[in-house]
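In my numbering, the protein residues as written are -10 to 567. Beta carbons: idealized from backbone N, C-alpha and C, even for Gly. These numbers come from a predicted model, not from an experiment. What follows is one structure encoded as structure tokens, with my remarks underneath.
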Amino acid sequence: MTMAKPYLLFALALISSLCALVQSGDPYLFFTWNVKYATLSPLGVPQQVITINDQFPGPWINCTSNNNIVVNVFNNLDEPLLFTWNGIQQRKNSWQDGTPGTNCPIQPGTNYTYQFQVKDQIGSYYYFPTTALHRAAGGYGPINVHSRNLIPIPFDSPASEFNVLVGDWYTKGHVTLKKFLDSGRSLGRPDGVIINGKSGNEAPTWTLTPGKTYRYRICNVGMKNSVNVRIQGHTMKLVEIEGSHTVQNVYDSLDVHLGQCYSVLVTADQTPKDYAFVVSTRFTKTVLTTTATIRYEGSNIPASTELPGAPGNAPEGIAWSINQFRSLRWNLTASAARPNPQGSYHYGKINITRTIKIVNSASRGEDKLRYAVNGVSHTDPETPLKLAEYFGIPEKVFKYDIIQDEPSADVEDKITIAPNVVNGTFRNFIEIIFENHEKSIQSWHLSGYSFFAVAIEPGRWSPAKRANYNLVDAVSRHTIQVYPNSWAAIMTTLDNCGMWNLRSNSLERNYLGSSSTSACSLLNTPSATNTYCPKANSSAASSRTCRCQHHHHHHPPMPDSFIQLQFHLRVDFIINIS
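What follows is the structure, encoded as structure tokens:
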């Protein structure tokens, strides 16, 4: 009885914390996922693929703004597993974000229940595994968040909607690819491009009724390359990017960079027959192409073999792509998840309180390829960063502020391998500059937030470049591309408590150090440290720090009264905001 009382009080405290994370009046959607390997042939070559409920891509999470999502994940793999919900902001709930810095992995043969709310969000997103290069084996799937009925959308409801998950793919399994990276080698060129997990004759076919309009939610879930998407004989009207309604420009083709999601409307207004839905890689010496089929109802006329061409590659293709980025505009009069118009938030009139410049680089330290942010290549310690901070022992696991806001001139000359955590201030309005000195295109994602993508230009950034920012209707989104020898600028308010990941969307770069995490945490040490820190389950453990162990189905949620914010950037680094 003496032992039971503290545990009962602790359980009641956990239930109270969990209830604070969601609103009881909003609907709950429940999912059970059985994650396992299967032998499939996405590019015609049999290989090991991660499936969810025997599906690849995985099950569709179709929900409405403010719904509560409960996903019970059973890990039937032979390795620890985590899922992240790319673009879902997890308000005050970073413990559910599913990245190695914030979560304990789900051990083989066990299960874990994610619970989160799609609070004040709409749009097109996807989920994917974040551990052990699992993304190279699949395990991803679509997330659609619809507007509530009381909030009108700025276009007529389409006849139907289609999720289109596109991206490059390797025929070698993730275990082999991981060995390449661990031995100091690059992944090299992908073997092809897939659409919804398939290619060639197995690629998807969408049947349209003549005269009707359809919504295509297109996400680049690939590992290495940007892609261009186009439809034979049809134009695409852009209506949404990563949770923001856009000015409805019409495009013949769209560049979709790693991690990005675009919603377009396509009207079946051509001669009834088949048409090719074309996806090809961008800014690559060898262009990889695949097609799906748009079929008009009742037609049996095959698509023309003459495919629409993609925009050129560097250098003229980069200029074309930058101009397309500049054409993307926020719809100021439309409402998104809330009734007020998007344009009622005047971000361009807020004073910048801090500027952080991020310079990515590559190096071979200790005969191994590593990628870095401001000279630091992030590595995940055995103890998740959030857990270490939560228990008041960060100094035993990592150091704050090992990089500066303005990188030194010789930042690309050497690389330090360490967890990368940068302090910041809660509710600050910050500017982040991504400066890419390399020859390859970069793509960056910030978890827990959306940001205003205010500028992309060739060359190096300077304060004078702010004169070129779009301070009126830049799209609020979660991912931005940075072209070779170019820079990109974003702005955001650090208003979401928790630890969040700022990461490269390139799988290779992310694995080898190109990401970071941001988090809000209490400055005091919890009294229940011993309860949260059982014996370490790693044979490599020698220090007395908190480590992950899955004796229970649920992780305890972090408190919602956090007053610090951190970014963990993993080319890697983390920004800690207090």
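- Item | Stretch-stretch touch, CB-based, cutoff 8 Å, three pairs: the segment 333 to 353 with the segment 409 to 422 | yes
- Message: Classify residue 442: buried if its beta carbon has 16 or more other beta carbons within 10 angstroms, exposed otherwise.
- Response: buried
- Message: Once DSSP output is grouped into helix, strand and coil, what is the label at residue 49?
- Response: coil
- If you drop the 5 nearest sequence neighbours on each side, which residues of the same chain put their C-beta closer than 6 Å to that of residue 186? 31, 45 and 46
- Query: Helix or strand or just coil, what does DSSP make of residue 314?
  - Reply: helix
- alpha helix (DSSP H) runs contained entirely in the segment 176 to 258, provided each spans 4 or more residues: none
- Pull up the distance between the alpha-carbon of residue 474 and that of residue 462, whole angstroms please. 25 Å
- Reduced DSSP category for residue 446 - H, G, I as helix; E, B as strand; rest coil: strand
- Message: Between 191, 357 and 138, which has its C-alpha nearest residue 497's C-alpha?
- Response: 357
- Item | Whole runs of the alpha helix (DSSP H) within the segment 448 to 513, excluding any shorter than 4 residues | 496 to 500
- Message: Taking 8 Å as the limit between beta carbons, can you name the residues of its chain near residue 243, skipping five residues before and five after?
- Response: 207, 217, 218, 219, 225, 227, 251, 253 and 313
- Return helix, strand or coil for residue 518, following the three-state DSSP convention. Note that residue 518 scores a pLDDT of 29, beneath 50, so its modelled location is shaky; the value from the coordinates is reported in the next line. Residue 518: helix per DSSP, three-state reduction.
- Query: Start and end of the beta strand (DSSP E) containing residue 434?
  - Reply: 431 to 435
- Query: Using a Cβ-Cβ cut-off of 6 Å (strictly less than) and excluding sequence neighbours within five positions of residue 400, which residues of its own chain qualify?
  - Reply: 348, 363 and 364
- On the premise that residue 92 lies in contact with residue 63, defined as a C-beta separation below 8 Å, what is that separation, rounded to the nearest angstrom? Going by Cβ atoms, the distance from residue 63 to residue 92 rounds to 16 Å, so no, they are not a contact pair.
- CA-to-CA distance, residue 495 to residue 351, given in whole angstroms: 13 Å
- Item | Per-residue burial, residue 74 [other beta carbons within 10 Å of its own, 16 or more giving buried] | buried
- Message: Please classify residue 82 as buried or exposed, where buried requires at least 16 neighbouring CB atoms within 10 angstroms.
- Response: buried
- Item | Alpha-carbon to alpha-carbon, residue 42 and residue 510 | Only weak support is given to the placement of residue 510: the predicted model assigns it a pLDDT of 35, under 50, and the value that follows is read from those uncertain coordinates. Roughly 35 Å separates the two Cα atoms.
- Query: Which residue from 286, 134, 104 and 430 puts its Cα closest to that of residue 53?
  - Reply: 134
- Going by the CB atoms, is the gap between residue 267 and residue 291 shorter than 8 Å? no
- Item | Sufficient close CB pairs (3 or more, under 8 Å) joining the segment 275 to 290 to the segment 193 to 210 | yes
- Uninterrupted beta strand (DSSP E) stretches inside the segment 68 to 106 (no shorter than 3 residues): 72 to 75 and 100 to 106
- Message: I believe residue 155 touches residue 184 by the beta-carbon criterion, under 8 Å. Please report the beta-carbon distance rounded to the nearest angstrom.
- Response: 5 Å
- Can you round the beta-carbon distance between residue 433 and residue 468 to whole angstroms, since I take them to be within the 8 Å contact cut? 7 Å
- Query: From which residue to which residue does the alpha helix (DSSP H) around residue 166 run?
  - Reply: 163 to 171
- Does the separation of the CB atoms of residue 221 and residue 257 fall below 8 Å? no
- Query: residue 379 lies in the beta strand (DSSP E); which residues open and close that run?
  - Reply: From DSSP, residue 379 is part of no beta strand (DSSP E) but of the alpha helix (DSSP H) over 374 to 379.
- residue 330 in three-state terms, based on DSSP: strand
- Message: Going by C-alpha to C-alpha distance, which of 424, 233 and 77 sits closest to residue 466?
- Response: 233
- Item | Stretch pair the segment 390 to 409 + the segment 108 to 117: three plus CB contacts closer than 8 Å | no
- Task: Report yes if the CB atom of residue 90 is closer than 8 Å to the CB atom of residue 375, and no otherwise.
- Result: yes
- If you check the beta carbons only, do residue 104 and residue 57 fall under 8 Å apart? yes
- Neighbourhood of residue 279 by C-beta distance below 7 Å, restricted to the same chain and skipping five residues each side: 181, 182, 183, 184, 188, 192 and 268
- Message: Please return the same chain residues whose Cβ sits closer than 6 Å to the Cβ of residue 302, not counting the five positions on each side in sequence.
- Response: 272
- Query: beta strand (DSSP E) containing residue 152: first to last residue?
  - Reply: 149 to 158
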